[in-house]
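Numbering (our numbering), first residue to last: 9 to 97.
Think of the CB as a built atom: it goes at the ideal place given N, C-alpha and C, for glycine as much as any other residue.
Quick caveat, the model's predicted, so the values are computed rather than measured.
This report concerns only the one structure given below.
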Amino acid sequence: MYTETSSPRVPNDKAKLHSPKLQFSGAMCLQFAYHMYGSGMGTLNVYVHGVKEFSKSGDQLNTWHEEKIDVNVSGGMYTVREVFEATLS
Numbered sequence: 009m010y011t012e013t014s015s016p017r018v019p020n021d022k023a024k025l026h027s028p029k030l031q032f033s034g035a036m037c038l039q040f041a042y043h044m045y046g047s048g049m050g051t052l053n054v055y056v057h058g059v060k061e062f063s064k065s066g067d068q069l070n071t072w073h074e075e076k077i078d079v080n081v082s083g084g085m086y087t088v089r090e091v092f093e094a095t096l097s
C-alpha cells in the first residue's frame with residue numbers, strides 16, 4: 009500500500025488495505041515490511057481479526073523495517089482478516 013503525504017492533503021484522511029479472509033487453526037505469522045520517511049508521516053496500524061496488533065507513527069528514517077506478528081488460535085478453524093490502515097497526519 010502506498011499513500012502520498014505531501015501537500016495538498018486532508019488531515020486524518022485514511023487508506024485501508026483489507027486482506028482476503030484466511031482460514032487457519034493453530035499458529036500463524038503475519039510478516040510485512042514498512043517504510044515511513046519524512047515529516048509528514050502519520051500512523052500505520054495493523055489489525056488482525058479486529059484487534060490492533062501493530063502501530064507506528066511519525067518518521068521512521070529512510071529505511072525499510074520488517075515486522076512479524078504471531079497469531080495463535082486454539083479450539084478449531086478460524087476465519088481471519090488483516091487490515092492495514094494508514095492515517096495521514
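Residue from the options whose Cα sits closest to the Cα of residue i
i: Tyr-55; options: Asn-20, Val-18, Lys-29 and Ser-15; result: Lys-29
i: Leu-38; options: Val-79, Gly-58 and Ser-97; result: Val-79
i: Val-88; options: Ala-35, Glu-12, Ser-97 and Phe-40; result: Ala-35
Simplified DSSP state of residue i, which is helix, strand or coil
i: Tyr-55; result: strand
i: Asn-20; result: coil
i: Thr-71; result: coil
i: Ala-33; result: Per the sequence shown, residue 33 should be read as Ser rather than Ala. Here Ser-33 sits in strand by DSSP.
i: Tyr-10; result: coil
i: Ser-63; result: strand
7 Å CB neighbourhood of residue i in its chain, flanking five on each side removed
i: Ser-14; result: Gly-48
i: Asp-67; result: Met-44, Tyr-45, Gly-46, Ser-47 and Met-49
i: Met-9; result: Ala-23, Leu-25, Phe-92 and Ala-94
Whole-number beta carbon distance between residue j and residue i, since they are thought to touch under 8 Å
i: Lys-24; j: Val-91; result: 6 Å
Other residues of its chain near residue i: CB distance less than 8 Å, five sequence neighbours each side excluded
i: Phe-62; result: Leu-52, Asn-53, Val-54, Glu-75 and Ile-77
i: Tyr-42; result: Leu-52, Lys-64, Gln-68, Trp-72, His-73 and Glu-75
i: Asp-19; result: Correcting the residue identity first, residue 19 is Pro in this sequence and not Asp. Same-chain partners within the cutoff: Leu-96 and Ser-97.
Evaluate contact between the region 59–74 and the region 16–30, counting only Cβ atoms and requiring at least three cross-stretch pairs below 8 Å. Taking 8 Å as the limit for Cβ pairs, the verdict is that the region 16–30 does not touch the region 59–74.
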